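Residue numbers (the numbering used here), protein chains in the order written: chain X, 60 to 428; chain E, 60 to 428.
Right under this line is the structure:
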């Protein structure tokens, strides 16, 4: 069977950069927050090699913003996450697990203070706006909750600083990891953060006003010709090597932040009043029953992991793998899985039902990237 | 450029019927509620012809259920919709616009009473569970809100009654439009409704427990061989001819139910206490500023409508088209658009920017199908 096509419709929203993405010959998309997210240009493997060696421009407009604006904005957001937000500032992004009343993950966004009393929650793939607004509307918070015209553009790869400094000036080099600030592009003070969904270094530019998107896109490509700049996107191989979790793939509403290895974002003090705090406090006290772990799957390259692959110990299911692919650099199949406590120690030998093959696999000490 | 492929991942969830869909040679998917929805088997045109002449089995598992269960379930749901739910019963589905505090559409689902104090909200493409649960968690309603293992399977087309009666018995023929009941399949009392996303007649079977999905799929194909049964899916041409609105295409959170022509589902009595009631009452009093209308676009077949097409009167924008395609049966381009009050009368001649062409178009009296 040929790989399936994606049927276009307005519902699968185009982005301010879609014309540029198409001109660069996008071969495949995924759909993320009801929007097109380019996934492949040359091939997953070639895009991976290029990302690790050069610099890429990523259309990650699908990281939509839930804007919470008003005098009660921070108070509302603090209710939504177990992370302590007291150190939020205009110069710093924060990764915040968002949990429901049972401590289940609703999203794992990045929080940014865009202006006084104005926050952007830069979301993974779920309609978090509905939860935020449901809580806001039901509790009489003095806020407005909306999706603004803001589309992040990623610049990722080892030459990101060189490219960005040519377009935004040398001061952009001074941003620390998850630091952010305003930088001028053609008279627009754009919010730029040192962040992004790879571990190759890079930035995300929060483009306010889609109409100027292609000017920035074109400027980055013009400035980066000698840096071998190309269009790219979140890369399956690189993100698994690097242990970057994907909401909807590696974790869902059925998982707590602690199970996802996000315990350092869970503040004991916050657990007394955030949604799901009691459940998370109990889990912290007793220890998690399962945890996300890096797993090496042995043998030849596995086929595409498009569904849960059960993991077994002596024939009993003890976990599942949700992301997996062959890594050219590490010469093994790299994978992300959720494994029961009795089997999650590094070095534990297990088996995985990978598509139609049973494969030996081993829990790793850490991710590869 | 070749049409883009869809990158597979666990996040784009497979369904209990995906193996069957692939065996039938699915050519294209869309993504709907984070799940695969087959859109094309032979071609959009051939699938359309077949749907109107024969019978198709549709994998519409992506119509996920938001299950609201508990003593406060109906009281909570009544807060979420302007429709009067006092006549809900186990024998009747209800189409319910769901609105936020400003009267904006969050979803346009079908509500079913699956058991006493257990309701399924069968959703269009948005994570309505987040809104329902946000309201529930914030107001102390005694309910649980979850997505159960329920996957609708559609049987659509003029021979639907013949096929369904062979599998579920002749009594299924007695269901009236939007009537529902329990019918036996291999010892499972399955919830069946006379409903579906076409106007060719048909049913939706709410398959509880994905593990039995393929047995039902196979039974339908075995029973329907001489009826020329095939796999199909919501068909772009047929649904526009028939005026079946698509959430995310033809309406979003920016639109009220009244603008969407859903005023007959808005009860004046409910407006005093449902979310967005005040805004809808004001709109009803003053009249809507714009409304969804059927529109014929003249000339040759238009290209695929994958973004908003602005509609003009004497060079001023007076609306937008969000769904459009060539209709073989009506020999015109059929379209759905949102048009300002001054221009929405049937017969009004307008112009539309359809991709790179300006085309004359005319507001129609009614949809075609």
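We put the CB at the ideal spot given by N, CA and C, even for glycine. Quick caveat: nothing in here was measured; it's all calculated off a predicted structure.
Around the beta-carbon of residue 297 of chain E, 16 or more other beta-carbon atoms lie within 10 Å, marking it buried. In this structure residue 192 of chain E is buried. Its beta-carbon is surrounded by 16 or more other beta-carbon atoms within 10 angstroms. Within the same chain, Cβ atoms closer than 8 Å to the Cβ of residue 70 of chain E are found at 93, the five residues on either side in sequence being excluded.
The criterion of a C-beta distance shorter than 8 Å is not satisfied by residue 121 of chain E and residue 239 of chain E. In this structure, the straight-line span from the alpha carbon of residue 292 of chain X to that of residue 100 of chain X is close to 8 Å. With a cut-off of 8 Å on Cβ pairs, the region 200–216 of chain E is in contact with the region 251–263 of chain E, counting three or more such pairs. A contact between stretches requires three or more CB pairs, one per stretch, nearer than 8 Å, and the region 372–381 of chain E fails this requirement with the region 334–345 of chain E.
Residue 428 of chain E places its beta carbon less than 8 Å from that of residue 302 of chain E. Close CB contacts of residue 274 of chain X within its chain, under the 7 Å cut and outside five residues either way in sequence, are with 245 (chain order). Using a Cβ-Cβ cut-off of 8 Å, residue 381 of chain X counts as an interface residue toward chain E, since at least one Cβ of chain E sits closer than that to its own. For the region 170–201 of chain X, the full-length alpha helix (DSSP H) segments reaching 4 residues or more read 187–198 along the chain. Interface flag for residue 394 of chain X against chain E is unset, since no Cβ pair is found closer than 8 Å.
Counting only Cβ-Cβ distances below 9 Å, residue 364 of chain E has contacts in chain X at 67, 68 and 69, in chain order. At a beta-carbon threshold of 9 Å, the residues of chain X lying near residue 93 of chain E are 90, 184, 185 and 307, ordered along the chain. No residue range can be given for residue 310 of chain E, since it is assigned to no beta strand (DSSP E) and is classified by DSSP as neither H nor E.
Setting aside the 5 residues that flank it on each side, residue 423 of chain X is surrounded in the same chain by 352, 353, 354, 355 and 405, each with a C-beta closer than 8 Å to its C-beta; the list follows chain order. Neighbourhood of residue 150 of chain E in chain X, by CB distance below 7 Å: empty, with the nearest CB roughly 30 Å away. Put simply, the CB of residue 310 of chain E is far from chain X, with every gap to its CB atoms at 8 Å or more.
Assigned with DSSP and collapsed to three states, residue 399 of chain X falls in strand.
Cα atoms of residue 412 of chain X and residue 357 of chain X: separation of roughly 12 Å, rounded to the nearest angstrom. Pairing residue 135 of chain E with residue 335 of chain X, the inter-Cα distance amounts to about 21 Å. Between the C-alpha atoms of residue 74 of chain X and residue 90 of chain X there is a straight-line separation of about 12 Å. Going by beta carbons, residue 157 of chain X and residue 139 of chain X fall inside the 8 Å limit. Beyond the five residues adjoining it in sequence on each side, residue 203 of chain E comes within less than 7 Å, by CB distance, of 128 and 129 in the same chain, given in chain order. Rounded to whole angstroms, the Cβ separation of residue 227 of chain X and residue 251 of chain X is 6 Å, and the two are in contact under 8 Å. The Cβ atoms of residue 165 of chain E and residue 188 of chain E do not sit closer than 8 Å to each other. Residue 110 of chain E places its beta carbon less than 8 Å from that of residue 215 of chain E. Within the same chain, Cβ atoms closer than 7 Å to the Cβ of residue 181 of chain X are found at 122, 124, 168, 169, 171 and 211, the five residues on either side in sequence being excluded.
Scanning chain E for C-beta atoms nearer than 8 Å to the C-beta of residue 367 of chain X yields 69, reported in chain order. The Cβ atoms of residue 426 of chain X and residue 276 of chain X lie no closer than 8 Å to each other. By the beta-carbon neighbour count (other beta carbons within 10 angstroms, threshold 16), residue 242 of chain E is buried. For residue 303 of chain X, there is no enclosing beta strand (DSSP E), since its DSSP letter is neither H nor E. Under the DSSP definition of a beta bridge, residue 242 of chain X partners with X/249.
Residues of chain X with a Cβ closer than 8 Å to the Cβ of residue 99 of chain E are, in chain order, 64 and 66.
Just so you know, the alpha carbons of residue 176 of chain X and residue 359 of chain X end up roughly 53 Å apart.
No Cβ-Cβ contact shorter than 8 Å links residue 349 of chain E with residue 310 of chain E.
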